[in-house]
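Asker: Below you'll find the structure I mean.
2 protein chains.
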Amino acid sequence: MMKALSVVPVLLMSVLSLPALAAPPSGPLTLMPVPAHVQRQEGALVLRSTFLVETSANANDRLRDAIARAVTRIDSLADLRHAGTGVTPATPLHVEIEHPADAVQAVDEDESYKLDVSASGIRITAPNELGAMHALQTLIQLVQPAGDHYEISAVSIQDAPRFPWRGLLIDCGRHFEPIDVLKRNIDALAAVKMNVFHWHLTEDQGFRIESELYPELTAKGSDGLFYTQEQARNLVAYARARGVRVVPEFEMPGHSSAWLVAYPELASGTVPDGIRREFGVSNYAIDPTRDETYTFIARFLGEMATVFPDEYVHIGGDESPATDWKTNPRILAFMRAHNLKDNAALQAYFNTRVLEILKGLHKHMIGWDEVLTPGLPKDVVVQSWRGSESLAKGAQLGYPGILSAPYYLDHMDPAGKVYLADPVPSDSSLTPAERARVLGGEVTMWGEHVSARNIDSRIWPRTAAIAERLWSPAEVRDVPDMYRRLGPVSVQLEALGLTHLTSEDAGLRAMAHSTQIGPLRTFAQAFAPVSFGERYHVQRTDQLTPLDGFVDAVVPDPPSQYWLESTMKRFLADPRADVADRDALLAKFAEWKQSIPAVRLLMKTSPQLAAMSQRADDLEHVLSDAETAVHHLSQGTAVSPAWKQQAVARLESFTKPRPETLVHFVGAAPLRSLLEAASK
Amino acid sequence: MMKALSVVPVLLMSVLSLPALAAPPSGPLTLMPVPAHVQRQEGALVLRSTFLVETSANANDRLRDAIARAVTRIDSLADLRHAGTGVTPATPLHVEIEHPADAVQAVDEDESYKLDVSASGIRITAPNELGAMHALQTLIQLVQPAGDHYEISAVSIQDAPRFPWRGLLIDCGRHFEPIDVLKRNIDALAAVKMNVFHWHLTEDQGFRIESELYPELTAKGSDGLFYTQEQARNLVAYARARGVRVVPEFEMPGHSSAWLVAYPELASGTVPDGIRREFGVSNYAIDPTRDETYTFIARFLGEMATVFPDEYVHIGGDESPATDWKTNPRILAFMRAHNLKDNAALQAYFNTRVLEILKGLHKHMIGWDEVLTPGLPKDVVVQSWRGSESLAKGAQLGYPGILSAPYYLDHMDPAGKVYLADPVPSDSSLTPAERARVLGGEVTMWGEHVSARNIDSRIWPRTAAIAERLWSPAEVRDVPDMYRRLGPVSVQLEALGLTHLTSEDAGLRAMAHSTQIGPLRTFAQAFAPVSFGERYHVQRTDQLTPLDGFVDAVVPDPPSQYWLESTMKRFLADPRADVADRDALLAKFAEWKQSIPAVRLLMKTSPQLAAMSQRADDLEHVLSDAETAVHHLSQGTAVSPAWKQQAVARLESFTKPRPETLVHFVGAAPLRSLLEAASK
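This is how it looks when you write it as structure tokens:
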């Protein structure tokens, strides 16, 4: 039977993926995030040539440029001919705003819009260009194939975000990311209606922003990898053009080795020898007791205020054990003199001084959980890396907050899991006033294990699911429907220049030293990287660890994972009758097993792949067990307890993290359910 | 029989592709271009940690930066740990140069180098850093897997280029290419030891370089798509750091609509309404009779000389019918007064005036074939788009020349063909002195049908084969060996950021609106784009034609093409005994046929793919015919004449260019041989 089935994979996979295709106009829409209100109408707007744009008299360059970009995207997406080259008249696209948006984008700006598509044209209205830009992104996602052309279903959309703060943090400290990487990610943020790029600019491992006042910060603290102020200003302008705020973060008093390498006089005692290569919490800290420290910070932040116009500045504030504070006699004396009983109190003192500086610059302060200490003024925003309960506590105390904990991309959680994490869960006991303090959330892309080559694949498409959580009504929580839309949205992001769909192949080719990676690609789809913590624990990575292994190539939550989970779930619901899913599963197992001999050949000339040798053996055994279990279930017979015990042990051993591998099998959970079911 | 075979493709493909894998250290090297002299030694240098670099006292930043880049590349390629993280001592890398290279890289600079690798370390010596940089590129290509680590075979290499001018032209006029595209292509040029980036900056369809003296050139002539002088200077520095000269081209007097749109007073009579969108030769021309014209050109070229330090400036000079010159009374009077009997004479007059200007700027002039008119000074370089005979004629007349004709990438010729085109063929009748005037060659990437998304796939890897022609000894002409090395080299280019191996998938996903493109990918490998001429003829493309169709996604000379040709050749040599190749061919045909039903499903929701419907039908028929022919041959029976006639007719019909498709079947030639053989 396996023989006959083994021809099926190539065909089956695409048949099975049909639900992920763009639906015909009469089918469901593939919008992500789902708008607040959508009303489908009869008919559709047929797209045969490009657009004739009409804007209201008060349109500005920001709006006009956004329209031009959207029109170019749709022209490309829908293969539209330009006026003059065809006989079809251009499609009217009418965009009207009431007034221009703020000169510096504010947290509380109105981002709502109305979008109406009829057979005769498109009409967008919004209070300001922010809303109009969101409408344009919706419009792009509405374009769908229809026979020999593209069209947009007639629809009436009224939309506005649930939360005003929808961000992505990229840590450019631990590994530097070139400007191009940031630009394409900002394009992607705008595409899914996110509005904050949180630029984590300083870390123990690197100081990444040029200071003209303190040039040693990058001269000694960056390995030459930093952003010039001109580049940063350009990026801010690039983001603004797309409705995205840029919130810079300068970590203090901890995570500050790079400051201290450059200016040892800032240190609390011990001074690092050089840029810190190890990851994890460091003991180095800025000295909070000297006035010169504040003069330095004031001048530095003053300079940065000329680069970053946003109303908010993030000062980090997390993970600062600052052991020197407990031993340096001068610091201890200062604490006694100021009645500061411990490190937390001293850090609160430090935060207050920095807050004064920021106030002088007309900036609001943001910090991580730890900044929330008694007496903290109520306009400081607390970003929670500890979770939604910590966030709720802050809100109850009167602090505005942003949720980040469940959105840590380096946990490598599947989209279906991060999607359901809500800044204000439905069972939240917060009052309406307290809820209003929850500004939104931020996805965090920490930099320990990402390079410019694979960072996109860690961020996307999972961040699109979180974008929906932060924008769409709380009731939008249908995981299968989210996955249905995630594929096409992922492809749309790729068209913006993102590399999340290509970096895996590139990585596999690099380690195979060959362009012929068909079976290796199949094999790789059985694996996903383990979480940051698991990898760090077994590998003790540091900043100089090469990021070119199998774990760096494979992607979190590959499409095979959800496919396997959902297919298995359907099969187990009715294993004797569900022939289609049985065959699909067997075909998948066969496809994976067939890939192994070819991958073994590659292992001979690839040290990186050779490290997967045991994993390949184990995969083969586990898949054979799975085949046996499927056959039993489909024939209505049970496996023996002894066999089951053995198979479960093999699966457990396979799915346990191991030092040499760093990747986990994407089918672990469904196969566990399968073995359970087969023994009943 | 087909049923049993159809399980084979996934496995077979990779077994068959083994020759393309990096060879073990004892096997052949995968260097491209092949060095002039290579002596293999006993043993190998084991790579277990990164390098300890020692440079001679006269090392400069250009060299040090190049070493740093190479070390980073090898660290990544060979997954090397850094000193301090392991116990293995660092590998000594000694680099010595005699003197720094010229401040402005000259055509005749010494690019030779010596590279010695032993079990104990690496030693590079060169007259200047240009040679040392080439040595570093060779070093990168020498790194090969060996069990659980990487190593470099002990080797002694003495190397120098055959031709001093080895260039790539990118036409940024017809379609603008962002700076990033140019940067990564310059990285790739350096990787295969090419040394000229010919920047085609002005065209009828766009004026792409900022002039502060004449700002209207870009304000009116570029659609806002142009390079600032700062960007251009940065690119020149970027290229210089990699041993690549930047030769700018400003087309005159023809291909100049964009100049005239901006400054109508330069025109010979008729003035274009706006930027010319149509491709092909235009009649607009700069007026060569007015002194103001030369004042303009002198000031403009003077300004450009501050941006482009290279000794050469390309003035185009091709394809200028200049119909106004035959009708404008003032121009006709000027011709009579100066005794200029026709347009060619007037253009020669124009060239002489421009040449004077360039001499004043201490620049040499280059132009296309047409500039070669009687009386042209002997230091003008003629770039031949007409072919090697035209080039030889120029050399005999005393002109230095560069060959381009056979290296037109938009002809979409396979690497195996362009590889064999030699600037000085072995049967050349040129004298040694005349041969010395052949400076080398330039690959040309004309811009009609390329976008930033697919341009890399048109340039690479084919240009690597031409790079070898221009660098390596003339005797290096083994096509199978070139293809053996082309795969691994292509993967190395990808690691530099090139997208030539990923753009096809991205294009297919965009038109499938799905991430699941397995069968479509297989199907696409059966096709390659037709030549520029064929496509232009049927589609009448212009600058605004969308470049998002199936033809824009598929790549010229896909690996399947050479694989099919070489496999078929082996099979036909002994069809009854060669079971392995028979099975491989049948597996390939089966794989392609199997992909078709899934592709048909995608066609329902993709207008771009729906255009391939007839092509898919035909492919199926032609492959079935091929299967029949293979079976007959392997059993020693002949097909009937009637059947053969029908099959040939089907193949002919399939391989004839058709308006709706724009792609050709990569198996046309081998299948023709197959049908011939089967009927004997």
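These protein sequence lines map, in sequence, to chains W and U.
Going by the numbering used here, the first sequence wraps up at 777, each residue one higher than the last.
Going by the numbering used here, the second sequence wraps up at 777, each residue one higher than the last.
From the three backbone atoms N, C-alpha and C, an ideal C-beta is built for every residue, glycine too.
Which class does residue 595/U belong to by DSSP, given the choice of helix, strand or coil?
Answerer: Mapped onto the second sequence, residue 595/U falls at position 498. Coil.
Asker: Tell me, to the nearest whole angstrom, how far the beta carbon of residue 599/W is from that of residue 606/W; I am working on the premise that it is less than 8 Å.
Answerer: Position 502 of the first sequence, counted from the start, is the residue given in the question as residue 599/W. Position 509 of the first sequence, counted from the start, is the residue given in the question as residue 606/W. Residue 599/W to residue 606/W, Cβ: 10 Å. No contact.
Asker: Count the C-beta pairs between the region 262-281 of chain U and the region 293-302 of chain U that are closer than 8 Å, then say yes if the count reaches three, no if not.
Answerer: These segments touch.
Asker: List, in order along the chain, the chain W residues whose C-beta lies closer than 8 Å to that of residue 272/U?
Answerer: Taking the second sequence and counting its residues from 1, the one referred to as residue 272/U is at position 175. Under the 8 Å cutoff, chain W gives no residues; its nearest Cβ is about 13 Å from residue 272/U.
Asker: State the start and end residues of the unbroken alpha helix (DSSP H) segment that holds residue 517/U.
Answerer: Position 420 of the second sequence, counted from the start, is the residue given in the question as residue 517/U. Segment 512-517, the alpha helix (DSSP H) holding residue 517/U.
Asker: Could you spell out where the beta strand (DSSP E) holding residue 254/W opens and where it closes?
Answerer: Taking the first sequence and counting its residues from 1, the one referred to as residue 254/W is at position 157. 246-256 is the span of the beta strand (DSSP E), which, as asked, contains residue 254/W.
Asker: Less than 8 Å between the beta carbons of residue 351/W and residue 395/W, yes or no?
Answerer: Taking the first residue of the first sequence as position 1, residue 351/W is located at position 254. Taking the first residue of the first sequence as position 1, residue 395/W is located at position 298. It is not a contact, given that the beta carbons lie outside the stated cut-off.
Asker: Within the continuous alpha helix (DSSP H) that includes residue 531/W, where are the two ends?
Answerer: If you number the first sequence from 1, residue 531/W lands on position 434. Run containing residue 531/W: 529-533, per the alpha helix (DSSP H) assignment.
Asker: Taking only beta-carbon atoms, is residue 646/W less than 8 Å away from chain U?
Answerer: Here residue 646/W is taken as the residue at index 549 of the first sequence, counted from 1. Closer than 8 Å: yes.
Asker: In its own chain, which residues sit with a C-beta less than 8 Å from the C-beta of residue 158/W, not counting the 5 before and 5 after it?
Answerer: Your numbering for residue 158/W matches position 61 in the first sequence. Cβ within range, chain order: n/a, list empty.
Asker: Does the region 697-712 of chain U come into contact with the region 666-683 of chain U, if we say contact requires no fewer than three beta-carbon pairs (one atom in each stretch) closer than 8 Å?
Answerer: The region 697-712 of chain U, when compared against the region 666-683 of chain U, does not touch it at the 8 Å Cβ threshold.
Asker: If we count the other Cβ atoms within 10 Å of its Cβ and call it buried at 16 or more, is residue 449/W buried or exposed?
Answerer: As a first step, residue 449/W is located in the first sequence; it is residue number 352 there, counting from the start. Per the 10 Å Cβ criterion, exposed.
Asker: Determine whether the Cβ of residue 177/W lies closer than 8 Å to any Cβ atom of chain U.
Answerer: For the purposes of this step, residue 177/W is taken as residue 80 along the first sequence, with counting starting at 1. So, interface residue.
Asker: Going by CA-CA distance only, name the one from 686/U, 208/U, 539/U, 238/U that's closest to residue 229/U.
Answerer: The residue labelled residue 229/U in the question sits at position 132 within the second sequence. Taking only the C-alpha atoms, the option nearest residue 229/U is 208/U.
Asker: Compare the beta carbon distance of residue 509/U and residue 653/U with 8 Å and say whether it is the shorter of the two.
Answerer: Residue numbering aside, residue 509/U sits at position 412 when the second sequence is read from its first letter. Residue numbering aside, residue 653/U sits at position 556 when the second sequence is read from its first letter. A contact, by the Cβ cut-off of 8 Å.
Asker: At a Cβ cut of 9 Å, what residues of the region 348-367 of chain W count as close to chain U, listed as they run along the chain?
Answerer: Correct list: empty, as no residue qualifies.
Asker: Can you confirm whether residue 588/U, when its beta carbon is compared against all beta carbons of chain W, has any partner nearer than 8 Å?
Answerer: Sequence index remark: in the second sequence, residue 588/U carries index 491 (1-based). Taking Cβ atoms only, chain W reaches closer than 8 Å to residue 588/U, which makes this a yes.
Asker: Which same chain residues, not among the five before or five after residue 591/U, have their C-beta less than 8 Å away from its C-beta?
Answerer: Here residue 591/U corresponds to residue number 494 of the second sequence, with the count starting at 1. Correct list, in chain order: 597, 598, 599.
Asker: The beta strand (DSSP E) that contains residue 342/U, what's its start and end?
Answerer: By one-based count along the second sequence, residue 342/U stands at place 245. That run of the beta strand (DSSP E) goes 342-349.
Asker: Hey, how far is the Cα of residue 110/U from the Cα of residue 651/U?
Answerer: Counted from its first residue, the second sequence places residue 110/U at position 13. Counted from its first residue, the second sequence places residue 651/U at position 554. At residue 110/U, the pLDDT of 36 sits below 50, so the modelled position is not reliable; the number obtained from the coordinates is stated separately. Spanning the two alpha carbons is a distance of roughly 19 Å.
Asker: Check whether the region 497-505 of chain U touches the region 474-489 of chain U, counting contact only when three or more Cβ pairs, one atom from each stretch, lie closer than 8 Å.
Answerer: Verdict: yes, contact present.
Asker: What residue range is occupied by the uninterrupted beta strand (DSSP E) comprising residue 671/U?
Answerer: Position 574 of the second sequence holds residue 671/U. Unbroken run through residue 671/U: none, as it is neither H nor E.
Asker: Could you tell me which of 413/U, 370/U, 242/U sits nearest to residue 355/U, measuring between CA atoms?
Answerer: The residue given as residue 355/U occupies position 258 in the second sequence. Nearest of 413/U, 370/U, 242/U to residue 355/U, Cα basis: 370/U.
Asker: Can you list, in chain order, the residues of its chain whose CB lies under 8 Å from that of residue 128/W, leaving out five sequence neighbours each side?
Answerer: For this step, residue 128/W is matched to residue 31 along the first sequence. Contacts found: 135, 235, 238, 239, 582.
Asker: Taking C-alpha atoms, which residue in 416/U, 630/U, 424/U, 374/U lies nearest to residue 639/U?
Answerer: Within the second sequence, numbered from 1, the residue matching residue 639/U stands at position 542. For residue 639/U, the nearest C-alpha among the options comes from 374/U.
Asker: If I'm right that residue 292/U touches residue 263/U with Cβ under 8 Å, what's the distance once you round it to whole angstroms?
Answerer: What you label residue 292/U is simply residue 195 of the second sequence in a count that begins at 1. What you label residue 263/U is simply residue 166 of the second sequence in a count that begins at 1. Sure, about 5 Å apart at Cβ, within 8 Å.
Asker: Could you run through the region 602-613 of chain W and flag, in chain order, every residue whose CB is less than 9 Å away from some CB of chain A?
Answerer: The structure shown contains no chain A; the protein chains it does contain are W and U.
Asker: Going along the chain, which residues of the region 741-774 of chain W sit with their C-beta nearer than 8 Å to a C-beta in chain U?
Answerer: Hits within the stretch: zero.
Asker: I'd like the span of the beta strand (DSSP E) that includes residue 213/W, first residue to last.
Answerer: Stepping through the first sequence from its first residue, residue 213/W is reached at position 116. Run containing residue 213/W: 210-215, per the beta strand (DSSP E) assignment.
Asker: Would DSSP call residue 119/U helix, strand or coil?
Answerer: On the second sequence, position 22 is the one that residue 119/U refers to. At residue 119/U the pLDDT is 41, less than 50, meaning the model places this residue with poor confidence; the figure from the coordinates comes in the next sentence. Residue 119/U falls in the coil class under three-state DSSP.
Asker: Need the endpoints of the beta strand (DSSP E) that residue 286/W sits in, please.
Answerer: Locating residue 286/W in the first sequence gives position 189, where the first residue counts as 1. Counting along the chain, residue 286/W falls outside any beta strand (DSSP E), though it belongs to the alpha helix (DSSP H) covering 276-288.
Asker: Closest by CA to residue 761/U, which one among 447/U, 464/U, 647/U, 267/U?
Answerer: Within the second sequence, the letter at position 664 stands for residue 761/U. It is 647/U whose Cα lies nearest to the Cα of residue 761/U.
Asker: Within 8 Å (strictly less), CB to CB, does residue 172/W reach chain U?
Answerer: As a working note, residue 172/W is residue 75 in the first sequence. Closer than 8 Å to some Cβ of chain U, the Cβ of residue 172/W qualifies, so yes.
Asker: Does residue 360/U come out as helix, strand or coil in the three-state DSSP assignment?
Answerer: Position 263 of the second sequence, counted from the first residue, corresponds to residue 360/U. Residue 360/U: coil per DSSP, three-state reduction.
Asker: Have a look at residue 295/U and residue 333/U and give me their C-alpha separation to the nearest angstrom.
Answerer: As a first step, residue 295/U must be located in the second sequence, where it is residue number 198. As a first step, residue 333/U must be located in the second sequence, where it is residue number 236. Near 11 Å, if we compare the C-alpha coordinates of residue 333/U and residue 295/U.
Asker: Span of the beta strand (DSSP E) holding residue 462/U?
Answerer: Numbered from its first residue, the second sequence carries residue 462/U at position 365. Per DSSP, residue 462/U belongs to the beta strand (DSSP E) from 461-465.
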